[in-house]
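This report refers to the structure that appears directly beneath it.
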Amino acid sequence: MKIDNSFRTFFKAKAKDEITKMEGVIVAFDFWMNGCVRVGIQLPIDKDGKVGEILWIDSQQVELIQPEKIDVKKHTSVAPSRLQGGPQRDPKGY
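This is the structure we're talking about:
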């Protein structure tokens, strides 16, 4: 999987780990200082109704099964420039 600045288009895409063959939905990306990009794949709900854990794998071993491109602007009320991170705000004084 090649990652560029349009990585957000991969959210909600069905993907598979090429090594373990585990499948799920892309829910997160993790960018490391030295260039490593990890992809968070939410595994399906199990037979007992427990939500699957997130499997973190290197982007090079992700296989897209069913890409579903979404328009970020239609799925949030936040300006696109503020979509870099979670709900936490920087503490005052920084």
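Residues in the sequence shown are numbered consecutively from 18, following this note's numbering.
The beta carbon of each residue, even a glycine, is placed where N, CA and C say it ideally should be.
Given residue i as reference, the closest of the options once Cα atoms are compared
| i | options | result |
| --- | --- | --- |
| residue 71 | 61, 65, 77, 79 | 61 |
| residue 30 | 68, 41, 36 | 41 |
| residue 57 | 76, 63, 37 | 76 |
| residue 25 | 69, 46, 66 | 46 |
| residue 49 | 38, 36, 74, 59 | 74 |
| residue 37 | 78, 83, 82 | 78 |
Run of the beta strand (DSSP E) containing residue i, from where it starts to where it stops
| i | result |
| --- | --- |
| residue 42 | 40 to 48 |
| residue 55 | 54 to 59 |
Rounded separation between residue i and residue j - CA only
| i | j | result |
| --- | --- | --- |
| residue 44 | residue 51 | 22 Å |
| residue 64 | residue 83 | 23 Å |
| residue 34 | residue 68 | 18 Å |
CB contact below 8 Å: residue i versus chain D
| i | result |
| --- | --- |
| residue 37 | No chain D appears in this structure, which consists of one protein chain only. |
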